[in-house]
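Notes follow the structure.
Chains as they are written, first to last, in my numbering: chain F, 4 to 138; chain X, -12 to 380.
Structural data, given as structure tokens:
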């Protein structure tokens, strides 16, 4: 299971409305033009309150990653690992999410990614895949 | 002649309960005992306290109800502090301000925790505490992928440092090995068996790039200090440890293109600010006690305080200067990696021991100035103390 179940609340309502449509929402400041992520409530750069919402193009690159290991069982076998990446979206904001279907290709700073979505209970959450043209 | 009492602040008492795998006691019980021990250590009576600051533990917290548990009345200051790893230094900073303003005469600052349970995984318990936030909200959005607790957050920072500066896991290992050597000389340290770099490399992955031996311990118990004025401390039981300077930086990362996430912490600002307040230079620091939830956290803070250049932390820690007998006394009680884990109180407690000259087998000969660094959250918070022994004044 990539995600455990999650429910929307007042802070995340708009976000989950977008992800249900398989869209990743971005906030553009009407005053200074800075592009922020879905968590923004005001412009992170200039503090202006008016934001317009658009959809990310879905391209990203790796900026960091981790491989999460579970505790080995009594017989020494390790549960499956999980790769989480920080993807820098084409538009600038970073997003932490699992890498779906990780393979043995080595990750690096700048490895190209594409956004995808995976279920988290009744909601959809963004995740990443390696961009296919990298093979 | 100036007849004003000296309201600069000192740490006059240090109390530590039995620590480690101590079961069957509540977090309030530990906190209460730690305060009583700190007060006794200072040579004060419990009812000399007129202020109480209480930090949140990771798994449990006594809260401000601790005043009742201690039977204290008419306190001039009570507050909870919850900035994760910086809570210890932050409490002491606010205590110093309350002493300087005359609001209080003697303040206990306490941190206790009970993450360890018999037959249970401490990591699971920490994670369970964090996961209570998970079902909703932005924390829940990230928690749903398993990004809960310190391991994934700080590992992500460490990877970025490695990618940018070429820092290696072996270099992190040098910190773990040196701190274990210090722990061998600390009678209360939880880990008392020597380790090698090979042991570090062979220890199981917890969250790549972190091996098990990159990660801090988990501890039940409590630690408290008593902060009072230099004027009052003059006649008390212990050598006063002067609060010469302090600083705090709460960064607010905006995680986007060109962010320096993983590359710097708030120590770049808080460290120099604390030294400025103390009126001293980095070169005047004799002993360094840095937050070490993970080996990486030590390395990045060394760079940020300016003990080495940015990006040079790896070669710096691998150069043979660390450990007992080295030229750079760092985390001299074994730290959170090998000593015990009470968030920022781990560093504060060892700094007080060293500044007083009470370190026994691990005492650093020159200990006039001790610099303490605390990190909280995902390097969101940083707090610094510059402490001076009696000899400094």
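By construction, the Cβ of each residue, glycine as well, lies at the ideal position given by its N, Cα and C atoms.
Close Cβ partners of residue i (< 6 Å) along its chain, the five nearest in sequence each way excluded
i: residue 24 (chain X); result: 2
i: residue 348 (chain X); result: 172
i: residue 161 (chain X); result: 304, 305
i: residue 282 (chain X); result: 159, 162, 163, 201
i: residue 235 (chain X); result: 257, 370
i: residue 70 (chain X); result: 77, 363, 368
i: residue 285 (chain X); result: 162, 277, 279
i: residue 178 (chain X); result: 170, 325
i: residue 120 (chain X); result: Because residue 120 (chain X) carries a pLDDT of 47, less than 50, the predicted location of this residue cannot be relied on, and the following value inherits that uncertainty. Only 126 meet the Cβ criterion.
i: residue 38 (chain F); result: 29, 31, 94, 95
i: residue 211 (chain X); result: 2, 21, 22, 25, 95, 97
Reduced DSSP category for residue i - H, G, I as helix; E, B as strand; rest coil
i: residue 138 (chain F); result: Caution applies to residue 138 (chain F), whose pLDDT of 48 falls short of 50 and renders its modelled position unreliable; the model cannot decide the point.
i: residue 149 (chain X); result: helix
i: residue 138 (chain X); result: helix
i: residue 283 (chain X); result: helix
i: residue 120 (chain X); result: With a pLDDT of 47 at residue 120 (chain X), under the threshold of 50, the modelled position of this residue cannot be trusted; read the value that follows with caution. Correct three-state label for residue 120 (chain X): coil.
i: residue 22 (chain F); result: helix
i: residue 54 (chain F); result: strand
i: residue 22 (chain X); result: helix
i: residue 60 (chain F); result: coil
i: residue 55 (chain X); result: helix
i: residue 92 (chain F); result: strand
i: residue 317 (chain X); result: strand
i: residue 30 (chain X); result: coil
i: residue 173 (chain X); result: coil
i: residue 4 (chain F); result: coil
i: residue 347 (chain X); result: helix
i: residue 47 (chain F); result: coil
i: residue 11 (chain F); result: coil
i: residue 76 (chain F); result: coil
i: residue 12 (chain X); result: coil
i: residue 108 (chain F); result: coil
i: residue 378 (chain X); result: Note on residue 378 (chain X): pLDDT 45, under 50, position unreliable in the model; no value is reported.
Same chain only: Cβ atoms within 7 Å of residue i, ignoring 5 sequence neighbours per side
i: residue 85 (chain X); result: 38, 64, 91, 94
i: residue 78 (chain X); result: 40, 42, 68, 96
i: residue 359 (chain X); result: 76, 276, 334, 335, 338, 371, 372, 374
i: residue 272 (chain X); result: 356, 358
i: residue 5 (chain F); result: 101, 103, 121, 130
i: residue 82 (chain F); result: 73
i: residue 69 (chain F); result: 87
Bounding residues of the beta strand (DSSP E) (the contiguous stretch that carries residue i)
i: residue 357 (chain X); result: 356 to 363
i: residue 276 (chain X); result: 274 to 277
i: residue 255 (chain X); result: First-last for residue 255 (chain X): 254 to 265, but that is the alpha helix (DSSP H), not the beta strand (DSSP E).
i: residue 38 (chain X); result: 38 to 42
Residues sharing a beta bridge with residue i, DSSP
i: residue 123 (chain F); result: F:126
i: residue 232 (chain X); result: X:373
i: residue 237 (chain X); result: X:368
i: residue 192 (chain X); result: X:198
i: residue 131 (chain F); result: F:102, F:118
i: residue 85 (chain F); result: F:71
i: residue -2 (chain X); result: X:214, X:228
i: residue 28 (chain F); result: F:58
i: residue 7 (chain X); result: X:207
i: residue 329 (chain X); result: X:331
i: residue 39 (chain F); result: F:30
i: residue 65 (chain F); result: F:90
i: residue 179 (chain X); result: DSSP, once it has assigned bridges, lists no residue as partnering residue 179 (chain X).
i: residue 243 (chain X); result: F:96
Enclosing alpha helix (DSSP H) for residue i [first to last residue]
i: residue 126 (chain X); result: 124 to 130
i: residue 332 (chain X); result: 332 to 343
i: residue 301 (chain X); result: 300 to 304
i: residue 164 (chain X); result: 156 to 170
Near the ligand GTP: residue i beta-carbon under 6 Å from a heavy atom
i: residue 172 (chain X); result: Within the structure as shown, the ligand GTP is missing, as the structure has no ligands at all.
Neighbourhood of residue i by C-beta distance below 8 Å, restricted to the same chain and skipping five residues each side
i: residue 51 (chain X); result: 39, 41, 65, 66, 67
i: residue 184 (chain X); result: 157, 160, 161, 164
i: residue 264 (chain X); result: 231, 232, 233, 234, 373
i: residue 206 (chain X); result: 6, 7, 100, 102, 103, 177, 327, 328, 329
Contacts of residue i in chain A (Cβ-Cβ under 8 Å)
i: residue 167 (chain X); result: The structure shown contains no chain A; its protein chains are F and X.
Extract the residue ranges of the alpha helix (DSSP H) inside the region 58 to 117 of chain X, only unbroken runs of 4 or more that lie entirely within it.
Correct list: 74 to 88.
Inside the region 197 to 229 of chain X only - alpha helix (DSSP H) runs reaching at least 4 residues:
Whole alpha helix (DSSP H) segments, 4+ residues: 217 to 220.
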